[in-house]
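The listed protein sequences correspond, in order, to chains E and H.
Residue numbering for the first sequence follows numbering that gives the first Met the number 0, starting at 0 and increasing by one per position.
Residue numbering for the second sequence follows numbering that gives the first Met the number 0, starting at 0 and increasing by one per position.
Protein chains: 2
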Amino acid sequence: MKITAQANANIALIKYWGKRNLKLNLPLNNSISLTLDKLNTTTTVEFSQKHKNDIFILNNKEENPQKISDHLNIVRKKAKINLHAKVESKNNFPTACGLASSSSGFAALSLAAAKAAKLNLSHQELSILARKGSGSASRSIFGGFSEWEKGQKSLDESSFAKQILAPQDWLDFRIIISVLTQKQKVTSSREGMLKTVLTSPMYKCWLNSINTDLKEMKKAITQKNFSLVGNIAELNCLKMHSTMLTSNPPLLYWLPQTVEIMHAIWNWRKQGLEAYFTIDAGAQVKIMCQKKDIQNVEKKLKSFDIIKTIVCKPGEDAKIINQHLF
Amino acid sequence: MKITAQANANIALIKYWGKRNLKLNLPLNNSISLTLDKLNTTTTVEFSQKHKNDIFILNNKEENPQKISDHLNIVRKKAKINLHAKVESKNNFPTACGLASSSSGFAALSLAAAKAAKLNLSHQELSILARKGSGSASRSIFGGFSEWEKGQKSLDESSFAKQILAPQDWLDFRIIISVLTQKQKVTSSREGMLKTVLTSPMYKCWLNSINTDLKEMKKAITQKNFSLVGNIAELNCLKMHSTMLTSNPPLLYWLPQTVEIMHAIWNWRKQGLEAYFTIDAGAQVKIMCQKKDIQNVEKKLKSFDIIKTIVCKPGEDAKIINQHLF
């Protein structure tokens with residue numbers, strides 16, 4: 000069977016940075032994210048006897064299939080099938096440069112592979128499956144705002160995402176992605192978070208402060224209190240970067256332009272334009288604002304050295320977009 | 000009596016950021032610094048009946064004398080004199096932009112005022128006096144490398160600096176100051192550290208990690224192990240900035256160029272050029288290297304947008320440079 004699925008990337012508002020179980024991608028803390036309508040991965044999975052090995056084509060280029068094969072093995076085991084697969088995947092945005100391509104990537108792969116293997120999985124089961132490929136992918140199964148629960152102990156099935164607010168319930172929320180570089184990051188998130196957990200003296204304080212952030216963020220989202228969401232997200236992002244920065248050797252994902260835009264956003268707020276930033280493991284700045292302020296923010300961004308801006312709204316759940324019958 | 004004293008600014012290698020007693024400037028942790036030969040403040044203090052009020056002239060401009068008067072009051076009380084003073088002070092470098100002008104400023108003032116009031120103070124007593132004006136000034140009484148001890152409880156006399164290594168004992172150590180801006184910082188160190196202590200969730204982790212840094216740094220300095228000094232100083236600086244960054248509201252003293260130079264220095268090291276950075280509450284980058292690499296570093300810095308570079312060696316103790324007899 001051959002299935003094409005599509006999933007949107009998500010941006011964490013309360014960040015995930017550190018695992019308690021490397022193999023299962025069990026995180027050290029819950030995280031909260033928004034799934035974005037504009038950044039997506041479209042993935043086709045075909046299990047067939049005609050494939051002698053797993054094949055992985057990303058953005059029209061054949062890549063080493065190891066990580067994909069590992070993920071397909073989980074699906075094959077669950078479905079009790081023994082077929083190799085061809086996986087074709089396309090991101091409509093740059094890969095591995097801090098735009099959450101692994102979140103949409105493993106969400107789309109999980110959905111397409113499960114369906115192609117004729118597994119009938121619930122959203123929760125899909126979220127668990129996606130999580131094993133890339134932690135943040137657990138959240139891309141859901142549209143809108145969702146929370147990825149860390150779960151208990153080493154219990155694989157206890158850690159999955161849940162929707163907090165559906166995309167149609169907060170139509171005015173915007174995240175503007177400002178792409179500052181398309182270079183792949185030197186240190187992957189996977190490697191970076193491992194280093195941070197092992198070496199940053201700030202990590203304990205990060206973990207100790209996270210429960211308050213989660214509680215306040217959930218409240219802010221359900222109340223659709225934009226100022227509160229923006230403020231908490233910005234401070235939480237800075238806390239994550241402060242743990243990265245104090246890893247040994249230090250991890251600084253920011254470019255000069257990243258810092259320039261951070262200062263600019265603080266100045267805009269002083270002038271009454273309400274915008275907040277969040278930044279992941281990469282140089283890109285994601286700017287949160289409300290629909291009414293989009294034109295003003297876009298106008299202001301024109302004076303910066305930005306490759307591209309992408310205005311995103313809350314996006315939908317991961318979905319099947321094609322069941323190839325022939 | 001009219002006395003002119005001169006003191007050098009110092010740059011902390013293990014940072015001071017936070018007080019346990021605001022009035023006495025008693026710090027929450029010990030700090031270690033290097034006094035620099037090129038950045039200095041020259042201050043003349045004259046106690047005289049002819050002055051009806053305290054007068055403070057900084058860089059040829061009359062300023063509000065409040066902070067200076069408060070400091071002179073300590074000296075007047077100790078010396079049992081009741082005279083107003085004229086204080087003339089000049090920095091040979093920009094003031095209040097992250098170049099440690101308050102360290103040399105209050106060290107020079109303390110020495111000149113004490114001598115003008117005919118107090119005969121030891122280095123330790125001068126260090127205590129200078130500390131009450133500005134914490135970091137306690138270290139500028141001493142040349143070379145010194146440690147400012149936090150002392151005990153609220154005991155004023157227990158917190159002062161001590162020399163670890165005299166300037167002539169490590170002649171090859173260099174700090175290149177790269178001045179990126181001459182704008183005064185928006186948030187003073189005094190205000191910034193108060194905010195950080197009160198609001199940063201990372202502050203506790205900073206304090207918990209400091210004793211290891213202090214111990215290793217003292218060892219590295221006494222062994223004149225440049226690589227170790229550079230590495231520990233760089234990581235310690237990043238830790239301080241990570242506490243600033245997580246204050247509420249956040250404190251980010253870095254400019255885009257600051258980040259540009261940080262990345263450059265990490266690249267130089269990969270290429271075999273051994274240089275390390277430290278950054279204080281300001282945008283300026285202070286680059287540590289050894290005498291043999293000065294030309295190479297200076298050449299590389301030419302491609303950056305830097306107002307001025309100042310190559311510093313370990314500097315001398317604060318000293319009297321003129322006893323005005325007429």
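Note that the Cβ used here is the ideal one computed from N, Cα and C, for glycine as well.
Model, not experiment: these values are computed from the prediction.
Interface residues of chain H facing residue i [CB-CB closer than 7 angstroms]
i               : result
Q256 of chain E : P255
E259 of chain E : P255
Contact set between residue i and chain E, taken where Cβ atoms lie within less than 8 angstroms
i               : result
T245 of chain H : L234, L237, K238, S241
P200 of chain H : C204, W205, N207, S208, K238
Partners in chain H for residue i, counting only beta-carbon separations shorter than 9 angstroms
i               : result
L251 of chain E : L237, V258, M261, H262, W265
Rounded C-alpha distance that separates residue i from residue j
i               : j               : result
H262 of chain H : N295 of chain H : 17 angstroms
E87 of chain H  : T186 of chain H : 25 angstroms
L128 of chain H : K66 of chain H  : 14 angstroms
N20 of chain E  : R130 of chain E : 12 angstroms
K1 of chain E   : A232 of chain E : 39 angstroms
F276 of chain E : M287 of chain E : 6 angstroms
G143 of chain E : Q283 of chain E : 21 angstroms
K25 of chain E  : W205 of chain E : Sequence inspection shows Leu at residue 25 of chain E; the Lys mentioned does not correspond to that position. Distance between the alpha carbons of L25 of chain E and W205 of chain E: 17 angstroms.
G134 of chain E : S30 of chain E  : 10 angstroms
T198 of chain E : H240 of chain E : 14 angstroms
K14 of chain E  : L244 of chain E : 15 angstroms
K89 of chain H  : L57 of chain H  : 6 angstroms
L164 of chain E : E146 of chain E : 10 angstroms
N210 of chain E : A280 of chain E : 21 angstroms
F55 of chain E  : A115 of chain E : 16 angstroms
S68 of chain H  : A112 of chain H : 11 angstroms
H70 of chain H  : I305 of chain E : 50 angstroms
Q181 of chain E : L27 of chain E  : 29 angstroms
N91 of chain E  : K161 of chain E : 25 angstroms
A99 of chain E  : K285 of chain H : 35 angstroms
E190 of chain E : G17 of chain E  : 10 angstroms
Q151 of chain H : A95 of chain H  : 30 angstroms
K37 of chain E  : S302 of chain E : 23 angstroms
According to DSSP, residues forming a beta bridge with residue i
i               : result
N9 of chain E   : E:T34
F55 of chain H  : H:E62, H:V86
Y15 of chain H  : According to DSSP, which records beta bridges pairwise, Y15 of chain H is partnered with nothing at all.
A4 of chain H   : H:T42, H:I319
E156 of chain E : None, per the DSSP bridge assignment.
C391 of chain H : Absent from the structure is residue 391 of chain H, since the part of chain H shown begins at 0 and ends at 325.
C288 of chain E : E:R173
L25 of chain H  : H:N20
Q181 of chain E : Answer is none; Q181 of chain E lacks a bridge partner.
W147 of chain H : H:S30, H:A160
T245 of chain H : Partner(s): none; T245 of chain H has no beta bridge.
Residues that residue i contacts on chain E, provided the C-beta gap is smaller than 9 angstroms
i               : result
S102 of chain H : Those within 9 angstroms of S102 of chain H in chain E number zero; the least Cβ separation is about 25 angstroms.
Chain C contact residues for residue i, given Cβ-Cβ distances below 9 angstroms
i               : result
K203 of chain E : Of the chains in the structure shown, none is chain C; the protein chains are E and H.
For residue j and residue i, believed in contact at Cβ under 8 angstroms, the rounded distance
i               : j               : result
G132 of chain H : T40 of chain H  : Incorrect: roughly 12 angstroms between the Cβ atoms, too far for contact.
K77 of chain E  : L125 of chain E : About 12 angstroms; that fails the 8 angstroms criterion.
V44 of chain H  : R173 of chain H : Not a contact, Cβ separation roughly 32 angstroms.
L35 of chain E  : G314 of chain E : 5 angstroms
K238 of chain E : P200 of chain H : 7 angstroms
A317 of chain E : I140 of chain E : 5 angstroms
S177 of chain H : L300 of chain H : 6 angstroms
F46 of chain H  : A84 of chain H  : 5 angstroms
L23 of chain E  : Q48 of chain E  : Not really, about 31 angstroms apart at Cβ, beyond 8 angstroms.
### Message
Counting beta carbon pairs with one atom in the region 174-188 of chain E and one in the region 242-260 of chain E, are three or more of them shorter than 8 angstroms?
### Response
yes
### Message
Is it the case that the region 215-231 of chain E contacts the region 218-226 of chain H, given that we only count it when at least three CB pairs across the two stretches are under 8 angstroms?
### Response
Result no; under three Cβ-Cβ pairs closer than 8 angstroms.
#### Entry: contact_flag[the region 207-219 of chain H, the region 228-235 of chain H] where n(CB pairs < 8 angstroms) is 3 or more
yes
### Query
Is it true that the region 149-166 of chain E meets the region 255-273 of chain E, where meeting means three or more beta-carbon pairs spaced less than 8 angstroms apart?
no
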